[in-house]
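Numbering (full-length UniProt numbering), first residue to last: 1 to 153.
Below you'll find the structure, written out as structure tokens, and then a few comments.
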Amino acid sequence: MMGGGGGGGGGQMQQVAQEIEQMEQEVEAIDEEIERLREKQTDIDEAIEAIETLDSGSTVQVPLGGDAYIRATIEDIDEVVVSLGGGYSAEREQDGAVSTLETKKETLDDHISDLQEEKAEVETEMEELEQQAQQMQQQQMQQMMQQQEQEDE
1 MMGGGGGGGG GQMQQVAQEI EQMEQEVEAI DEEIERLREK QTDIDEAIEA IETLDSGSTV
61 QVPLGGDAYI RATIEDIDEV VVSLGGGYSA EREQDGAVST LETKKETLDD HISDLQEEKA
121 EVETEMEELE QQAQQMQQQQ MQQMMQQQEQ EDE
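Shown next as structure tokens:
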């Protein structure tokens with residue numbers, strides 16, 4: 001096993017290295033998703049602030065798409081259309097709209113917490129694999145040194 005173990009150990013090392021690389025990519029994807037969700041939270045915060053500070057008769061710039069805007073006057077701040085998800089929207093009065101947005105933000109908080117837990121689990125698993133790889137590398141070095149000593153005798 002000693003003689004064949006060196007080659008098998010190299011294959012194992014390569015497999016562990018690939019697993020570590022996959023986990024690093026998974027952590028990166030989780031980080032990107034967390035960042036995307038935090039940007040959504042910022043958008044929600046801005047929407048809540050606008051709803052709470054704007055009054056009927058206020059002039060606002062409404063995005064048309066393609067970085068084009070048009071000025072519009074708010075007829076009634078108590079007629080806020082809020083996305084409910086799944087392609088559905090509902091008209092809410094001012095406080096109801098803020099409440100709906102805060103609920104969406106809490107849902108994002110929960111999702112971010114879940115992702116952070118998942119990331120921590122992956123990082124722990126990755127650390128264990130890195131330790132395993134170090135042990136394998138040390139064993140290979142010891143085997144090589146033993147073989148060198150045997151050849152020198």
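No residue lacks a Cβ here, since even glycine has one placed at the ideal position from N, Cα and C.
Bear in mind the structure is a predicted one, so any value in this text is a computation, not a measurement.
Please say whether residue j and residue i have beta carbons closer to each other than 7 Å?
| i | j | result |
| --- | --- | --- |
| residue 56 | residue 70 | no |
| residue 103 | residue 92 | no |
| residue 72 | residue 60 | yes |
| residue 41 | residue 84 | no |
| residue 115 | residue 19 | no |
Consult DSSP for residue i and reduce its assignment to one of helix, strand or coil.
| i | result |
| --- | --- |
| residue 85 | strand |
| residue 2 | Confidence at residue 2 is low in this model, with a pLDDT of 39, below 50, so its placement is unreliable and the value that follows should be read with caution. Note: residue 2 maps to helix in three-state DSSP. |
| residue 7 | For residue 7, the predicted model reports a pLDDT of 45, less than 50, meaning its position is unreliable and no value from the coordinates is stated. |
Quick one: Cα of residue i to Cα of residue j, how far?
| i | j | result |
| --- | --- | --- |
| residue 63 | residue 137 | 58 Å |
| residue 32 | residue 98 | 27 Å |
| residue 88 | residue 17 | 46 Å |
| residue 106 | residue 34 | 14 Å |
| residue 45 | residue 52 | 11 Å |
| residue 142 | residue 131 | 16 Å |
| residue 7 | residue 29 | Reliability fails at residue 7, whose pLDDT of 45 lies under 50, so the model's placement of it is uncertain and no value is given. |
| residue 47 | residue 90 | 15 Å |
| residue 151 | residue 124 | 41 Å |
Does the beta carbon of residue i come closer than 7 Å to any beta carbon on chain C?
| i | result |
| --- | --- |
| residue 114 | Here chain C cannot be found, since the structure has a single protein chain. |
Whole-angstrom Cβ separation of residue i and residue j, contact assumed at under 8 Å?
| i | j | result |
| --- | --- | --- |
| residue 23 | residue 126 | 4 Å |
| residue 112 | residue 94 | That pair is no contact at about 27 Å. |
| residue 122 | residue 26 | 5 Å |
| message | What ranges does the beta strand (DSSP E) occupy inside the stretch 45-107, keeping only unbroken runs of at least 3 residues that lie completely in it? | response | 59-65, 68-73, 80-85, 88-92
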